[in-house]
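Chains as they are written, first to last, in the UniProt record's numbering: chain R, 1 to 79; chain B, 1 to 247.
We put the CB at the ideal spot given by N, CA and C, even for glycine.
Computed from a prediction, not measured in an experiment: that's the story for all the values here.
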């Protein structure tokens, strides 16, 4: 396999695998947040604010994978 | 690079072009710099300075118009910093974190809202300054310097004691943390902004009209959240450096 084909496959794997963990984490966090709001509807504003911030943190993990994928596609040091 | 060439070829009729790795290079002495980032940063800085001057030029007891708006912004930033650093020490850090937040926020939105392609450059194109890794690394390193300064100023050399507390076993991890903090800060911001622009560009490529609008709105939302996240994390790191460990 030449280096270009390997890079394309690696890019796909980087973003795909990096999406698994944060996907599970975001699902967990959102589920808990919904449960929290259902229990205590008056705390909705606070829960929503914290949830959005937390989701952004988790999302950034996938974004790291995306950065690696982009480097492999557009700025590959080995090609 | 060939994939990218096809993208830019198909994309000639839109207002924003997708160009990764194309730069408008300036040579200053031995340095090569990305000119489009500088130009756009200056525009953003100019915008912020003009807004601040316009708001403070004619101060009124009862604020209205732009003064009202800027007071709202200031209060927002002050609350953000106070939530992170705490009542006692937050005042010194409002200017720093506020500057970070406003610069990142305005650059992110300028990249998404202004049709920069109307301005022709010899190569590359104007876009949000934060979609260049150099900008975000600079901002992240500034944050690192800021929290070191905060810790050293408050505790002197005993600031370094936190590396071996509670146990010296964690020393390598504590040192590693000083490197991962700016790394994750810069990659998070850079990746998010670039990802926004790429997603919009790819959708524009597929369907040029109307369909990309919701994604653009989502992009505006995420860019705002990322500015908030950067400011919040800078505040959290500074707070960590200021915090007393031995009580």
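Checklist line | residue 218 of chain B to residue 243 of chain B span [Cα, whole Å] | finding: Your numbering for residue 218 of chain B matches position 218 in the second chain. Your numbering for residue 243 of chain B matches position 243 in the second chain. Whole-angstrom Cα-Cα distance: 36 Å.
Next item on the list: Label residue 226 of chain B either buried or exposed according to how many other C-beta atoms from any shown protein chain fall within 10 Å of its C-beta, with 16 as the threshold for buried.
Entry: If you number the second chain from 1, residue 226 of chain B lands on position 226. Result: buried.
Check: Is the Cβ of residue 60 of chain R closer than 7 Å to any Cβ of chain B?
Finding: Numbered from 1 along the first chain, position 60 holds the residue referred to as residue 60 of chain R. Yes, because at least one Cβ of chain B sits closer than 7 Å to the Cβ of residue 60 of chain R.
Checklist line | Sub-7 Å separation of residue 40 of chain B and residue 115 of chain B beta-carbons | finding: Locating residue 40 of chain B in the second chain gives position 40, where the first residue counts as 1. Locating residue 115 of chain B in the second chain gives position 115, where the first residue counts as 1. No, the pair does not count as a contact, with Cβ atoms beyond the cut-off.
Check: Looking only at C-alpha atoms, which of B/161, B/184 and B/117 sits nearest to residue 174 of chain B?
Finding: To locate residue 174 of chain B, count along the second chain from 1; it is residue 174. Among B/161, B/184 and B/117, the Cα nearest to that of residue 174 of chain B is on B/161.
Item checked: residue 196 of chain B versus residue 64 of chain B - alpha carbon distance -> Position 196 of the second chain, counted from the start, is the residue given in the question as residue 196 of chain B. Position 64 of the second chain, counted from the start, is the residue given in the question as residue 64 of chain B. So the two alpha carbons sit approximately 35 Å from each other.
Check: Is residue 74 of chain R helix, strand or coil by DSSP?
Finding: Numbered from its first residue, the first chain carries residue 74 of chain R at position 74. Helix at residue 74 of chain R.
Note to self: Using a Cβ-Cβ distance cut-off of 7 Å, determine whether residue 210 of chain B contacts chain R.
What the structure shows: As a first step, residue 210 of chain B is located in the second chain; it is residue number 210 there, counting from the start. Output row for residue 210 of chain B: interface = no.
Next item on the list: Could you name the residues of the same chain whose beta carbon sits closer than 8 Å to that of residue 59 of chain B, not counting the 5 residues immediately before and after it, in chain order?
Entry: The residue labelled residue 59 of chain B in the question sits at position 59 within the second chain. Closer than 8 Å at the Cβ level, and outside the excluded window around residue 59 of chain B, lie 67.
Next item on the list: Quick one: list the residues of chain B neighbouring residue 52 of chain R, beta-carbon separation under 8 Å, in chain order.
Entry: Translated into the one-based positions of the first chain, residue 52 of chain R becomes position 52. In chain order: 225.
Notebook entry, point to check: Which runs of the alpha helix (DSSP H) spanning at least 4 residues fall entirely within the region 41-83 of chain B, listed in chain order?
Noted result: none
Next item on the list: Name, please, each residue of chain B whose Cβ falls closer than 8 Å to the Cβ of residue 63 of chain R.
Entry: Counting from 1 along the first chain, the entry for residue 63 of chain R is found at position 63. Those are 187, 188, 191, 192 and 195, listed as they occur along chain B.
Notebook entry, point to check: Any beta-carbon of chain R closer than 7 Å to the one on residue 207 of chain B?
Noted result: In the second chain, residue 207 of chain B corresponds to position 207, counting from 1. By this cut-off, residue 207 of chain B is not an interface position.
Next item on the list: Provide the residue(s) that pair with residue 276 of chain B in DSSP beta bridges, ordered along the chain.
Entry: Residue 276 of chain B lies beyond the stretch modelled for chain B, which goes from 1 to 247, so this question has no answer here.
Notebook entry, point to check: Any chance the region 28-35 of chain B sits against the region 31-46 of chain R, with 3 or more Cβ pairs inside 8 Å?
Noted result: no
Check: Does the beta-carbon distance from residue 309 of chain B to residue 85 of chain B come in below 7 Å?
Finding: With chain B running from 1 to 247 in the structure shown, residue 309 of chain B is simply not present.
Margin query: With three or more C-beta pairs closer than 8 Å as the rule, is the region 54-62 of chain R touching the region 18-31 of chain R?
Written below: yes
Next item on the list: For residue 61 of chain B, count neighbouring Cβ atoms within 10 angstroms of its own Cβ and tell me buried if that reaches 16, exposed if not.
Entry: If you number the second chain from 1, residue 61 of chain B lands on position 61. Result: exposed.
Note to self: Does the contact criterion of 3 or more C-beta pairs under 8 Å hold for the region 207-217 of chain B versus the region 143-155 of chain B?
What the structure shows: no
Notebook entry, point to check: What number of angstroms, rounded off, separates the C-alpha of residue 211 of chain B from the C-alpha of residue 172 of chain B?
Noted result: Position 211 of the second chain, counted from the first residue, corresponds to residue 211 of chain B. Position 172 of the second chain, counted from the first residue, corresponds to residue 172 of chain B. Looking at the two C-alpha atoms, the distance is approximately 50 Å.
Checklist line | Endpoints, the alpha helix (DSSP H) within which residue 178 of chain B is located | finding: Position 178 of the second chain, counted from the start, is the residue given in the question as residue 178 of chain B. Here the alpha helix (DSSP H) through residue 178 of chain B covers 171-206.
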